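Residue numbers (the UniProt record's numbering): 1 to 148.
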Amino acid sequence: MDPVQRLLAERACERLILEFVHRLDLGEPAEVAELFTEDGSWRWPPPGDGRAVRGRAALREYFGGRPADRLSRRLMSNVLVTVASPHAATAVSYFSTHRVDGYTGGLVPAGPPVQIGHYEDRFRHTGGRWLLASRVLHLPFGGPTPRV
Numbered sequence: 001m002d003p004v005q006r007l008l009a010e011r012a013c014e015r016l017i018l019e020f021v022h023r024l025d026l027g028e029p030a031e032v033a034e035l036f037t038e039d040g041s042w043r044w045p046p047p048g049d050g051r052a053v054r055g056r057a058a059l060r061e062y063f064g065g066r067p068a069d070r071l072s073r074r075l076m077s078n079v080l081v082t083v084a085s086p087h088a089a090t091a092v093s094y095f096s097t098h099r100v101d102g103y104t105g106g107l108v109p110a111g112p113p114v115q116i117g118h119y120e121d122r123f124r125h126t127g128g129r130w131l132l133a134s135r136v137l138h139l140p141f142g143g144p145t146p147r148v
């Protein structure tokens, strides 16, 4: 790949990472499924709760099942995309999640994040665009979601 193609691929993958959290926090959570390949997967391996979701329909149902009264904001950083070929890339990115359940509006006092961890992503270029093929969440710091 020439340097411009590599840069465009890196940027497209970075944008998917950011689009994922924007859809969860500010959009319609079920829509994150459209950022994955048809056979894409999201996994939270042990020592977390061992969740694994595969396929766009299952991803749409899983992320769409988020509580309606949940308010969240995720901060993404340290995004490092590695392009392996014109059709494959990987990334590692750090995140922290601030969230509460029971939100009915207004300002919520700031508290510490309820999660801090990183994602390991695999991307595939298909149908003229980059998509997530898999996303694995690693959560070394976490706690319960507080209620407002």
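Yeah, the Cβ is synthetic: ideal placement off N, Cα and C, and Gly gets one too.
Bear in mind that the values here come from a model prediction, so they are computed numbers and not experimental data.
- Leu18 and Trp44 have their alpha carbons spaced roughly 19 Å apart.
- Restricted to the UniProt domain "SnoaL-like" (5 to 135), the beta strand (DSSP E) segments that are unbroken, complete and at least 3 residues in length are 36 to 44, 51 to 54, 71 to 85, 88 to 100, 115 to 126, listed in chain order.
- Three or more Cβ pairs drawn from the segment 114 to 127 and the segment 9 to 16 lie within less than 8 Å of each other, which places the two stretches in contact.
- In the three-state scheme derived from DSSP, where H, G and I count as helix and E and B as strand, Pro140 is classed as strand.
- Residue environment: Val4 is assigned as exposed (fewer than 16 neighbouring CB atoms within 10 Å of its CB, all protein chains considered).
- Only residues of its own chain outside the window of five on either side were considered, and among them Arg70, Arg99, Val100, Asp101, Val114 have a CB closer than 8 Å to the CB of Thr145, listed in chain order.
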